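Q: Pasting a structure here, questions to come.
Residue numbers (the working numbering): 66 to 198.
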């Protein structure tokens, strides 16, 4: 009986090291994946906020497409998490501002493109129609 306990202990030597060698890379990979997902999510939020800022400026009564494009680009450039932002503004009665860029990548050679669009009606002032009261 005593000999069986000694044999079992000898067979179990190094098992913690092997378990750590298998588990540690998996945990590290999960951590990197979670961090990458957070970076992509933040880049999407920045692109959406920049598009909404550009839309706010472009759809105003005296607003222009150039003003909306400049406002969105300025907002996007101020946030370092959205890399190489590009802004397009289009529409007549309904204005669409699209902000495209890339999220920072933890892995070299991986490019994750982020694109968000904000749409809204151009603001205009009208006078009430004279109708029956």
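Glycine residues also receive a C-beta, built at the ideal position from the N, C-alpha and C atoms.
Treat the numbers as computed from the prediction; the structure is a model and nothing was measured.
Which residue from 171, 126, 132, 139 puts its Cα closest to that of residue 186?
A: 126
Q: Grab the span of the alpha helix (DSSP H) containing residue 139 for me, first residue to last.
A: 130–143
Q: Just mark residue 147 as buried or exposed, buried being the case when its beta carbon has 16 or more other beta carbons within 10 Å.
A: Counting Cβ neighbours within 10 Å, residue 147 comes out buried, since at least 16 surround it.
Q: Grab me the residues of residue 176's own chain with a C-beta within less than 7 Å of its C-beta, minus the 5 sequence neighbours each way, in chain order.
A: 167, 170
Q: Helix, strand or coil for residue 157 per DSSP?
A: coil
Q: Return the bridge partner residues of residue 151 from the DSSP annotation.
A: Per DSSP, 165.
Q: Start and end of the beta strand (DSSP E) containing residue 191?
A: Premise fails: residue 191 is in no beta strand (DSSP E) and is neither H nor E.
Q: Looking at the structure shown, is residue 179 part of a helix, part of a strand, or coil, going by DSSP?
A: strand
Q: Who are the Cβ neighbours of residue 112 in its own chain at under 8 Å, not counting the five residues just before and after it?
A: 141, 147, 150, 164, 165, 166, 179, 180, 181
Q: Excluding the five sequence neighbours on either side, which residues of its own chain have a C-beta within less than 7 Å of the C-beta of residue 116, listed in chain order?
A: 137, 162, 163, 164, 181, 182, 183
Q: Mark residue 160 as exposed unless 16 or more other C-beta atoms lie within 10 angstroms of its C-beta, in which case mark it buried.
A: Buried is the call here.
Q: Looking at the structure shown, is residue 185 part of a helix, part of a strand, or coil, going by DSSP?
A: Note: residue 185 maps to strand in three-state DSSP.
Q: For residue 128 and residue 98, I'd like the C-alpha separation in whole angstroms.
A: 42 Å
Q: Using alpha carbons as the reference points, say which of 109, 132, 96 lies closest to residue 144.
A: Cα-wise, what sits closest to residue 144 is 109.
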